Each structure stands twice: as C-alpha cells, then as structure tokens.
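Following: one structure in structure tokens, then a few remarks.
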Amino acid sequence: MSVDTITKSNDVVTEDFLPLLGTDHIEFIVGNAKQSAYYYQSAWGYELLAYAGPETGVRDRTSFVLQQGKVRLVLTSAMYPDSDLAKHHNLHGDGVKVLALWVDDATKSFEETTKRGAEAVIEPTTLKDENGEVVISAIKTYGDTIHKFVERKNYNGAFLPGYQAKKSSFDIKPIGLKYVDHCVGNVELGKMNDWVKFYEDVMGFKLLITFDDEDISTEYTALMSKVVSNGNGYVKFPINEPAEGKKKSQIEEYIEFYKGGGVQHIAIATDDIVATVSELRNRGVEFLYVPDNYYDDLLDRVGKIEEDIEPLKANNILVDRDDEGYLLQIFTKPVQDRPTVFYEIIQRRGAKSFGKGNFKALFEAIEREQELRGNL
Ligand code: FE2
Numbered sequence: 343m344s345v346d347t348i349t350k351s352n353d354v355v356t357e358d359f360l361p362l363l364g365t366d367h368i369e370f371i372v373g374n375a376k377q378s379a380y381y382y383q384s385a386w387g388y389e390l391l392a393y394a395g396p397e398t399g400v401r402d403r404t405s406f407v408l409q410q411g412k413v414r415l416v417l418t419s420a421m422y423p424d425s426d427l428a429k430h431h432n433l434h435g436d437g438v439k440v441l442a443l444w445v446d447d448a449t450k451s452f453e454e455t456t457k458r459g460a461e462a463v464i465e466p467t468t469l470k471d472e473n474g475e476v477v478i479s480a481i482k483t484y485g486d487t488i489h490k491f492v493e494r495k496n497y498n499g500a501f502l503p504g505y506q507a508k509k510s511s512f513d514i515k516p517i518g519l520k521y522v523d524h525c526v527g528n529v530e531l532g533k534m535n536d537w538v539k540f541y542e543d544v545m546g547f548k549l550l551i552t553f554d555d556e557d558i559s560t561e562y563t564a565l566m567s568k569v570v571s572n573g574n575g576y577v578k579f580p581i582n583e584p585a586e587g588k589k590k591s592q593i594e595e596y597i598e599f600y601k602g603g604g605v606q607h608i609a610i611a612t613d614d615i616v617a618t619v620s621e622l623r624n625r626g627v628e629f630l631y632v633p634d635n636y637y638d639d640l641l642d643r644v645g646k647i648e649e650d651i652e653p654l655k656a657n658n659i660l661v662d663r664d665d666e667g668y669l670l671q672i673f674t675k676p677v678q679d680r681p682t683v684f685y686e687i688i689q690r691r692g693a694k695s696f697g698k699g700n701f702k703a704l705f706e707a708i709e710r711e712q713e714l715r716g717n718l
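Below, the structure written as structure tokens:
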C-alpha cells in the first residue's frame, strides 16, 4: 500500500500557541524506584538531584530525580497496593507515565490545548516552597501517558516543591548524555493518524516526516511511523502503529505487554556516540546486535563520514542520512522485564530529521530478539 515514501510538511508560518522550551523531565512508574535509581546512576552515569518520599513528608510514593546534561528522569514507585500509581504499575509494568514539557506559562498551555480538545488531567496548580513557586498542569495523550506542563521561571530549588535536594552517595561517572532528542509513542493499529492529528490540532505541532510500511518492513513484519515536531523543533514525537505483515510486529508485541499505547523509546543525544556506547557496554547495558555485513557497503549508502568504520562496527552503531547531513544511532534492548521501553543513543552530524536506511537493519535486529522471547 505504499504510495509515497517521504512527505515533508509545507512550512507555513503561524503563531505558535504552545511555545515549548524543551523537555522538562520524563517520569517512569517503576516497581522499585530505589533500585532503578541505582541502575541509572551506576550504569548510565546520572547524578541524583532530588528525592521525595516518607522522609520528606510524602506518604504514598517515593520519587528519585536524576540528571545528566539536560536529561532529567523521575523514577516513582507506589508505597501502597490500592493507589492509582500501584494500579498503573500492575497493568503496564515499568514504563513512562509523564512526558513533561518545559513552558513559560503552564496556565496558558493548559487553556490553549484543552480549548482545542485536550482531555484535562491536572488543572493549573501553583506549588510553593522556600525556593519559590512552580505552576504545573497536565493533559492526556496516548494510552495512560500524560503531558505535564511545567512553568519554573520563579523557582530555584533542586526540582519541584515537595522534593528535597539529594546527592548521589557514590562517585558518578557521566557518559556524555546531552538532551532528549525525541520520544517515540506506540499506538494501536489504525490510531496513528488520530494521534498525529491530536499533536497538530491540539498542540500546534507540524508533521515532519512520514515512513510507510514499505519504508519500515522486513520479510516478516512492518510498521508505519509519522514524526511530529513543535514550532522550534526542540520537541519531536514520532508515532508508530503496526502494519500488516506475515508475523507479529514489534509494535504489536509492545502493545500486548504494555497493555495499550505508550512510550516505546527515548532517544538521547551525545556528541561522541562511540565513547558513550562503549562505556555503556562496559557497564553492562545491552544493545541490539547488527550483523557485520551491515558495514560492508555502509559508505556507498551514506557517503563520506568523519568516523572510522571499525569502532562503529565494534559497537554496532548505525549510520543514516537525511537531506542536511548524517546521524549515528543505536538501540538498547528493553530496560525492564517486559519487552516494552528501550533507549536510543543518537549523535547528529548535520541531519535534523530521520533517515530511512536503518529501519530494515534495526527491525531485523528487533525480530531476532522477539523470536528469542517467543513473540514473533
Ligand atoms: Fe528513535
């Protein structure tokens, strides 16, 4: 059913009713936040920044806030079995609940999006402590995921009111993580265009690029993907849906185990992907395997690159190209027991969008893992 391959949006200049300053933080609901926080500190080199829990007067949860570069993660666990948090974890397993966006005006962000049809989750609320005040609000997106708007211009505490500053208790070695490049959502069959329309109509995003099932298919499985981006390009959300194939696609596997749509992967930018990935490997983080023959004709496919091929091959790092330059990328294996959320490490060398050359290699790699899990 392939009609076109790549469709770029027309650049129409209109007023941005939802100006975003970037990704504020990403909150995971996990089974054991204390142990997850140790994994992100020791393996990924995040510094502990803040904490909320019984010791700080919060009774129903514990939250650890971690930071490296501009990437800020919040890891939250429920303290009681009958809370919404505990129900979320029981249903979805470890996963992303909140994609929080940094804004100048959380009240206006809420009003502009809800008047365009967003479902409200948190009405604009001012939180205060001795370090100032933060305004937050939130709307629903796919699955049980929400977008929280965070206005922090009048705040100079560690994270948010209600959290206490807390430092790592051992020596942390960062690995060069800079910022969140994009966050990908998986949605159910036939729902991709509805969510693209949501981001266009409700949040003022623009369609950046479309990949159809012919671009993203292997012998067995296929998926479709559309990438939406906000006005200044700081926030990119690719949305995937499964497509018909001979076997079960990775998106179907995700939806089966996450019990609905949700965040599939978070891509984090580095300025030196070989150094970042080889250090992650040394610390036990597992990546998808790509066969050596991927590298045989690499330069014919992507043209001249500045990196040596050998360290890319040794680390299984992929290279792709768009109109403006090239990019290097790699996927981890899922980072929890269910085959759901994983990470991408990405280094951009001029490319601002996404190529399509790597999909086949990546998805064949994912299929090999699916087969090992008995889910292909
Ligand atoms: Fe990605």
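Take 343 as the starting number for the sequence shown in my numbering and just add one per residue.
We treat Cβ as the ideally placed atom computed from N, Cα and C, and that holds for glycine.
Bear in mind the structure is a predicted one, so any value in this text is a computation, not a measurement.
**Request:** Between the Cα of R663 and those of N657, A693, G437, spot the shortest distance and give me the residue it belongs to.
**Result:** A693
**Request:** Going by CA-CA distance only, name the one from Q671, E598, E556, S511 that's closest to Y393.
**Result:** S511
**Request:** Starting from the Cα of A420, find the closest Cα among L408, R414, F696, D402 and give me that residue.
**Result:** Closest option to A420, judged by alpha-carbon separation, among L408, R414, F696, D402: D402.
**Request:** Give every residue of the same chain whose Cβ lies closer than 6 Å to the Cβ of K350, excluding the five residues on either side of it in the sequence, and list them in chain order.
**Result:** Because the pLDDT at K350 is just 46, under 50, the model does not fix this residue reliably, and the value given afterwards should be weighed accordingly. Taken in chain order, the list of residues that qualify is empty.
**Asked** Cβ atoms of A609 and H524: under 9 Å apart, would you say?
**Response** yes
**Prompt:** Which residue's Cα is closest to the Cα of D614: N657, V372, P681?
**Reply:** N657
**Message:** Can you tell me whether I688 sits near the ligand FE2, meaning its C-beta is under 8 Å from at least one heavy atom of the ligand?
**Reply:** yes
**Asked** Thinking C-beta only, is L415 closer than 9 Å to H367?
**Response** Yes, Cβ-Cβ distance for H367 and L415 is below 9 Å.
**Prompt:** The alpha helix (DSSP H) with Y541 in it runs from where to where?
**Reply:** 534-543
**Asked** Does the separation of the CB atoms of I688 and L622 fall below 9 Å?
**Response** no
**Message:** With distance defined between alpha-carbon atoms, name the residue in F701, V407, L362 nearest to E556.
**Reply:** Of the listed residues, the one whose Cα sits closest to E556 is F701.
**Request:** Answer yes if the stretch 586-596 comes into contact with the stretch 627-636, meaning at least three C-beta pairs across the two stretches below 8 Å, and no otherwise.
**Result:** no
**Message:** Given 8 Å as the limit, tell me if F553 has its C-beta closer than that to any heavy atom belonging to the ligand FE2.
**Reply:** no
**Message:** I'd like the span of the beta strand (DSSP E) that includes K548, first residue to last.
**Reply:** 548-553
**Prompt:** Which of the three DSSP states, helix, strand or coil, is assigned to D639?
**Reply:** coil
**Prompt:** Can you round the beta-carbon distance between A611 and L660 to whole angstroms, since I take them to be within the 8 Å contact cut?
**Reply:** Not quite, the Cβ-Cβ distance comes to about 15 Å (not below 8 Å), so this is no contact.
**Item:** Cβ contact (3+ pairs, closer than 8 Å) linking the stretch 498-513 and the stretch 565-574
**Value:** Not touching, per the Cβ criterion.
**Message:** Given the structure, does P676 come close to the ligand FE2, in the sense that its CB is under 8 Å from one of the ligand's heavy atoms?
**Reply:** Flag unset: Cβ of P676 not near the ligand FE2.
**Prompt:** Got a sec? Which residues, its chain only, sit under 7 Å from E454 by beta carbon, not counting five neighbours each side?
**Reply:** F359, L360
**Item:** Buried or exposed by the 16-neighbour rule on C-beta atoms within 10 Å, applied to G437
**Value:** buried
**Asked** Would DSSP call S344 helix, strand or coil?
**Response** For S344, the pLDDT reaches just 35, beneath the cut-off of 50, and the residue's location in the model is therefore unreliable, although a value from the coordinates is still provided. Residue state, collapsed to three classes: coil.
**Request:** Could you round the C-beta distance between Q606 and N572 to whole angstroms and report it? I think they count as a contact, below 8 Å.
**Result:** About 19 Å; that fails the 8 Å criterion.
**Request:** Since I believe H430 is in contact with G373 (beta carbons under 8 Å), could you give me their beta-carbon distance rounded to a whole number of angstroms?
**Result:** Their Cβ separation, rounded to whole angstroms, is 11 Å, which puts G373 and H430 out of contact at 8 Å.
**Presumed contact (8 Å Cβ cut-off) between K520 and G411, rounded CB distance** = 4 Å
**Asked** Helix, strand or coil for D613 per DSSP?
**Response** Residue state, collapsed to three classes: coil.
**Prompt:** In three-state DSSP terms, what is V477?
**Reply:** strand
**Item:** Burial state of G527 (16 or more Cβ within 10 Å)
**Value:** By the neighbour-count rule (16 or more Cβ atoms within 10 Å), G527 is buried.
**Item:** Whole-angstrom C-beta distance between L443 and V577, which should lie under 8 Å
**Value:** Yes, V577 and L443 are in contact; Cβ-Cβ is about 7 Å, under 8 Å.
**the ligand FE2 heavy atom lying under 8 Å from the CB of V526** = yes
**Item:** Which listed residue (L641, I371, N717) has its alpha carbon closest to that of S425
**Value:** I371
**Prompt:** What does a CB cutoff of less than 8 Å around E475 pick up in its chain, not counting 5 residues either side in sequence?
**Reply:** If we look at E475 and ignore the five residues flanking it on each side, its Cβ neighbours are T468, L469, N496, Y497, P503.
**Message:** With the cut-off set at 9 Å, would you say N448 and F540 are in Cβ contact?
**Reply:** This sequence places Ala at residue 448; Asn is not what is there. Cβ distance not < 9 Å, so A448 and F540 don't count as in contact.
**Prompt:** Hey, would you say Y388 sits closer than 9 Å to L363, going by beta carbons?
**Reply:** no
**Request:** Could you check how far apart the C-beta atoms of V627 and A385 are, in whole angstroms? I think they sit under 8 Å.
**Result:** 5 Å
**Prompt:** If you run the structure through DSSP and keep just helix, strand and coil, what is S405?
**Reply:** Of the three classes helix, strand and coil, the one that applies to S405 here is strand, per DSSP.
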